[in-house]
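Last residue of the sequence shown: 1609 (this note's numbering), numbering continuous. A virtual CB, placed ideally from N, CA and C, is assigned to each residue, including glycine. Keep in mind the model is a prediction, meaning the values are calculated, not measured. Only one structure is covered here, and it is reproduced in the block below.
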Amino acid sequence: MIAKLVQFSLKYKLLMVIIFFTVCGAGIFSFNKMSIDAFPDISPNVVQIFGEVEGMAAEECEQFVTRSVEITMRGIPGVTKIRSLSSLGLATINIYFDEKTDVYRARQLVSERLKEAEEIIPEGIMPHGLKMGAIVSGMGKILGYYLETSDHDITELRTLQEWVIKRELQTVPGVAKVISQGGHLRQYQIKVDPDLLTAYNLTLDDVVSAIHHNNHNLGAGIMKRGAEEIIVRSLGLLHTLEDIKSTVITTRKNRPLFIDDIAKVEMGTAFRRGVSLLNADKEIVSGTIYKTHGANSFAVINKIKKRLEKINRTLPDGVKIVTYYDQSSLVKNSINTVRNALFLGLLMVSIVTLVFLRNWRNSLVVVGALPFATLFAATLLYYNAIPGDLLSFGGIAIALGMIVDATIIMVERLQSAFASKNEKISSGTLVLRAATEVAAPIFFASTIIIIVFLPIFTLGEVEGKMFRPLAIAVTTTMVGALVYALMIAPVLFRLFRPRNTQTKEADISNNALLQSYQKLLNYFLERRWLVGSLVTILIISGGVTFSKLGKEFVPTLEEGTVQSLAYMNPNISLQEITTTAKEMAKEMKSFPEVKEVIIDIGYGEVGPHMHHTNYACMNITLHPKSEWRTTSSQDQLIDLINERVKDFPGVSTTFSQPIKHEIDGLIGGAGSSVVAKLFGDNFDVLLKKAAEIENVLTHIDGVADLRTEQVDGQTQLQITIKPEAGTRHGLNK
């Protein structure tokens, strides 16, 4: 079988040359079109559901909304687990699917059950219904920005963000969601006078009903006029404060009663649950952009930047969009590092091959395996929708040294055959015979290397997502190298070999390196006991050293942005945590390595990875390392910052990075690398045991940023009406 492949390639030499250039062309095309990311997206397959229930406590939110959704969703095929969080006015449910389920199929299944869940929820509790989150992942947060101005207030900026910037950005292909944070949302407010309501014998429902029924445009069909038909419409939408004021609630003694008679109508701002700050100076309006699941991060970010330039030209004077987080910088730095390594590897292998083969034609044939195998792998990666990242490109880099091995064996055998050529044997027959002799050993040697990486394909969950691209890259590169060695190298050797020229085999005795190796080999062959002893010592010492090495899933990638996560008492007010966050930001900004600190407190709107008002996420953007003065290590810088902020009263602080934090949150349910979970029926016992576990973990060497996740809610002022007293005043329980 293998010999027939060699025979086929030598018979159709032109076809092999065409295949060589076709693969190289396809590989170059694939490299340019390939989706580029920093590293594989190891996020779980999850669909998020949000239910907004304004003013409802966490207990009722859990009872009426969260449980209804969980019960409805459990029967969906492919669901592995459901995580939920119920808080004041908001239910968040994460539905996890197995990795075999396509994300769009999962969303379709969830969407079909949403209506059923809404029917279970009591009527009137959730007027806006259940909402499905955007299709995002842990790698989805690709860009963050804020609005810079000197003469506009934050309410005007939030209006610009909601009605201009956000809507423009959401039209960019590949953008899944734009989350707004900070500022105030403008709204029409009707402040009803309770005494006037009582005087006119009205209820709040009467006011709400009047606004609702008088805020419509209605169609009234067609009216015929002569030879024409005219569309009849009733225009009743409310547009201004005067429209609201003049809305009729009812009539009293043939006199209309207007909204203006019982209420004060004015422009105001909505109740907010989030704040955004720049350094310790001022409040800002910011936005976070998430890409669609599977989209090319690098390409989407470039499109967003072009759109931002366009939007900046249309904004009012004095307003500018400033980017503070850009994932493309991380992607670019990571990929450039790997590409440089690939280029240097190609160059070094080429030089070494030329030096040792001492024949430029043979060296050219051998070096040809490098672009062919790497571009062959790139083509297969692209058409299998595997993005180019540290792991996939790293796999190609790992295989660089092994790519040329098979071709060197083939070329050396062909060279040796021509050196001892019999005049009666044709060149074609000689090439076929020599190539066939080494084809089987080459095939089996390459196959063994490929088999070594096959167990990685059996990994599941997070490990599989992380390392499978590396295994695919290595194996496809080795397959490309094998194809080149068996089918293309013999053809190129034949084409490059000068006609009517007798090739002489190099004399080993003339090569100083080979002479030295021959002496060293003879020395050890005569002292086999020494070799055995050295090997035994190395194996034992290596095993002992390996057992004492630290173990980590993957090295931490420095993203260029550090996140400081500050947690405070759930009862803390938005104003108080804002004041504390400003003081912490002032300490962080005092380091010359820190460029700026963007602080997000609570949440501005419903979306991925939300937090509440006792939580402050501080995005610390750093200057390039060439400008650092205090330290040269990011870990040391984090330690120094932590020393400054760890003693703030009532604040629990942890440190992470944007991508790492979001992936940790999706995988473990908390933004930490290691999470311990307790399950049980008694909530008080769980809290007690959690405190005991935290006390034990505190004494373990190397443990840092240890805290217990907040699961108890805010203190409540509960009002229960006495039935007898309420009856006397016309009140129900």
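- Cα atoms of Gly1059 and Thr1164: separation of roughly 14 Å, rounded to the nearest angstrom.
- Bounds of any beta strand (DSSP E) do not take in Asp1027, whose DSSP letter is neither H nor E.
- Gln924 carries a strand assignment under DSSP once its states are collapsed to helix, strand and coil.
- Annotation for Asn970: the continuous beta strand (DSSP E) segment containing it runs 966-973.
- Nearest to Lys880 by C-alpha distance, out of Val1470, Val1407, Lys1565, Ala1316, is Ala1316.
- With a contact defined as Cβ atoms closer than 8 Å, Val1242 and Thr1250 miss out at about 14 Å.
- Within the segment 1431-1465, the complete alpha helix (DSSP H) runs of at least 4 residues fall at 1450-1465.
- Here Phe1252 really is in contact with Gly1356; their C-beta atoms are around 3 Å apart, less than 8 Å.
- Taking 8 Å as the cut-off, the Cβ atoms of Val893 and Leu1308 do not count as close.
- Phe1329 carries a helical assignment under DSSP once its states are collapsed to helix, strand and coil.
- The C-beta distance from Ala1052 to Asp1265 rounds to 20 Å, too long to meet the 8 Å contact threshold.
- The residues Ala1347, Val1350, Thr1351, in chain order, have a CB closer than 7 Å to that of Phe1329 in the same chain once the five nearest residues on each side in sequence are set aside.
- With contacts defined as CB atoms closer than 8 Å, Val1151 and Ile1120 fail to qualify as a contacting pair.
- Measuring C-alpha to C-alpha distances from Asp1069 to each of Leu964, Leu1078, Gln1063, Arg1062 identifies Leu1078 as the nearest.
- Excluding residues up to 5 positions away in sequence, Thr1025, Ser1026, Asp1027, His1028 lie with their Cβ nearer than 7 Å to the Cβ of Gly1194 in the same chain.
- Contact check between the segment 1486-1506 and the segment 1453-1471: three or more CB pairs, one atom from each, fall below 8 Å, which counts as touching.
- A residue is called buried when at least 16 other Cβ atoms come within 10 angstroms of its Cβ; Gln1391 does not meet this threshold and is exposed.
- Distance check between Phe1147 and each of Asp1202, Leu1036, Leu1061 places Leu1061 closest, using alpha-carbon atoms only.
- Runs of the alpha helix (DSSP H) lying entirely within the segment 1052-1084, each at least 4 residues long, are 1070-1075 in chain order.
- The C-alpha of Ala1388 lies about 11 Å from the C-alpha of Phe1232.
- Sorting Gly1578, Asp1577, Lys1553, Ile925 by C-alpha distance to the C-alpha of Ala1567 places Lys1553 at the top.
- Look at Phe1555 here: in three-state DSSP terms it is coil, with no helix or strand label.
- Glu930 and Arg1149 have their C-alpha atoms spaced approximately 12 Å apart.
- Three or more Cβ pairs closer than 8 Å define a contact, and the segment 886-901 meets that threshold against the segment 1353-1367.
- Remark: C-beta atoms of Leu1133 and Tyr1064 do not approach each other more closely than 8 Å.
- Taking each of Arg981, Glu936, Gln1592 in turn and checking the Cα distance to Ile997, the smallest one comes out for Glu936.
- Runs of the beta strand (DSSP E) lying entirely within the segment 1089-1165, each at least 3 residues long, are 1093-1101, 1104-1111, 1124-1128, 1131-1134, 1139-1145, 1150-1154, 1158-1160 in chain order.
- By the neighbour-count definition (other C-beta atoms within 10 Å, threshold 16), Val945 is a buried residue.
- Listed in chain order, the non-local C-beta contacts of Thr1168 below 6 Å within the same chain comprise Ile1011, Gly1050, Ala1052, local neighbours out to five positions each way being set aside.
- Taking 4 residues as the shortest admissible run, the segment 1503-1534 contains the following complete alpha helix (DSSP H) segments, listed from N- to C-terminal end: 1510-1521.
- Leu1290 is the residue among Glu1313, Asp1136, Leu1290 whose C-alpha sits nearest the C-alpha of Ser1303.
- Collapsing the DSSP output to three states places Asn1212 in a helix.
- Fewer than three pairs of CB atoms, one per stretch, sit closer than 8 Å, so the segment 1475-1486 makes no contact with the segment 1176-1184.
- The three-state secondary structure of Lys1182, taken from DSSP, is helix.
- If one requires a minimum length of 4 residues, the alpha helix (DSSP H) runs lying completely within the segment 1245-1293 are 1245-1259, in chain order.
- Just measuring C-alpha positions, the residue of Arg981, Ile1041, Val923 sitting nearest Leu1006 is Val923.
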